[in-house]
Amino acid sequence: MPHLDVLRHARCLVTGGMGFIGSNLAHRLVALDADVLLVDSLHPDHGGNPFNVAAVRDRVEVTVADLCDRDSAAALVRGRDFIFNLAGQVSHLDSMRDPFGDLEANCRTHLTLLEACRATNRGVKVVYASTRQVYGRPDYLPVDEQHAVHPTDINGVHKLAGERYHKIYNHVHHVRTTSLRLTNTYGPRQLMRHNRQGFVPWFIRLAIDGEEIGLFGDGEQLRDFNYVDDVVDALLRAAASDAADGEVFNLGASPAVSLRRFTEQLLEVAGGGRYRLVPFPPDRKIIDIGDYYADYGKIERMLGWQPHVPLADGLGRTVEYYRRHKEHYW
17 MPHLDVLRHA
27 RCLVTGGMGF
37 IGSNLAHRLV
47 ALDADVLLVD
57 SLHPDHGGNP
67 FNVAAVRDRV
77 EVTVADLCDR
87 DSAAALVRGR
97 DFIFNLAGQV
107 SHLDSMRDPF
117 GDLEANCRTH
127 LTLLEACRAT
137 NRGVKVVYAS
147 TRQVYGRPDY
157 LPVDEQHAVH
167 PTDINGVHKL
177 AGERYHKIYN
187 HVHHVRTTSL
197 RLTNTYGPRQ
207 LMRHNRQGFV
217 PWFIRLAIDG
227 EEIGLFGDGE
237 QLRDFNYVDD
247 VVDALLRAAA
257 SDAADGEVFN
267 LGASPAVSLR
277 RFTEQLLEVA
287 GGGRYRLVPF
297 PPDRKIIDIG
307 DYYADYGKIE
317 RMLGWQPHVP
327 LADGLGRTVE
337 YYRRHKEHYW
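Counting from 17, one number per residue, gives the positions in the sequence shown under my numbering.
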């Protein structure tokens, strides 16, 4: 693809590089013959997993480090052409239980990284993984980038702060940055050990194990889903395009799917299993956002991105991957 030529042989840093999206991105960058440095803290609850990059381990450099350390951050960003900034804590529940831990992971980490870029490498391009959670409960649907931001939990507040840090460094310090607001991303190499990083990986685990899925409420809440390969494509397009500098983009998919239909489709792909409707637990109900699906027309117009992997196909690939590699994820 012509838009990826700029990334061939480029010096790339991926933070959160042994995590879900970071490791899938690493495989794609290796295919582009990029010089890839992966940085991960390997925090046990954040999803970093050495097996995620085992197949490309001889073609990437790996550093286990805490990006809150200024000296480490300065050394890591120096000389890099692109930084894919995917590090962070994504559990909404954990952010409510440990807000200061979330502050460290989703604010201080990114501010330290950006300061290192300002001090040692202003020519770098940084792509930041934000979240649709910054919008909170939608005022209207589909949600476009002009929608008000009113996050319902600590994680959303801190991810919004991280996004704003990146925007300020673009506009004031001339460190080129772009932010992507990700929705429900799924696929191989996700954290599957617990249910605090969203319902999608946990539902997939339960379906593979033939266990009952508890679906909160009436199951009619609408969501959009992106297979991880499509998200990686968006990250690469944002990195490669000067038009993306300083911008924020929604990702998404159409049509939106109810959680009940998502679950039914997952069970069909898995070849068994069951679900039942259960009441919302109080700690989840209070931060639930109801229906959400995005208008991703801006990134489609400006960068030519759109999702290509249908939900059934993506679920099929995902289930097959975890069945083959279950011992590395359960």
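The beta-carbon is built from N, C-alpha and C at its ideal position, and this holds for glycine as well.
Taking 8 Å as the cut-off, the Cβ atoms of LEU267 and ALA254 do not count as close. ILE302 and HIS19 have their C-alpha atoms some 43 Å from each other. Following the DSSP letters along the chain, one finds PHE98 inside the beta strand (DSSP E) bounded by residues 98-101.
Per DSSP, SER195 is one residue of the beta strand (DSSP E) stretching across 192-198. The three-state secondary structure of ASN65, taken from DSSP, is coil. Inter-residue distance for HIS190 and THR199 is about 28 Å (C-alpha atoms, whole angstroms). For LEU29, the uninterrupted beta strand (DSSP E) run begins and ends at 27-31, by DSSP. When rounded, the separation of the alpha-carbon atoms in SER257 and PRO295 is 45 Å. In the three-state reduction of the DSSP assignment, PHE232 falls in the strand class. The C-alpha of ILE305 lies about 7 Å from the C-alpha of PRO154.
Comparing alpha carbon positions, the residue from GLY35, HIS341, SER57 and ALA42 closest to ASP74 is ALA42.
Under DSSP, no beta-bridge partner is assigned to ASP240. In the structure shown, VAL173 adopts helical secondary structure according to DSSP, grouped into three states. Counting every other CB atom within 10 Å of its CB across the protein chains shown gives PRO323 a total of 16 or more, marking it as buried. By the neighbour-count definition (other C-beta atoms within 10 Å, threshold 16), LYS342 is an exposed residue.
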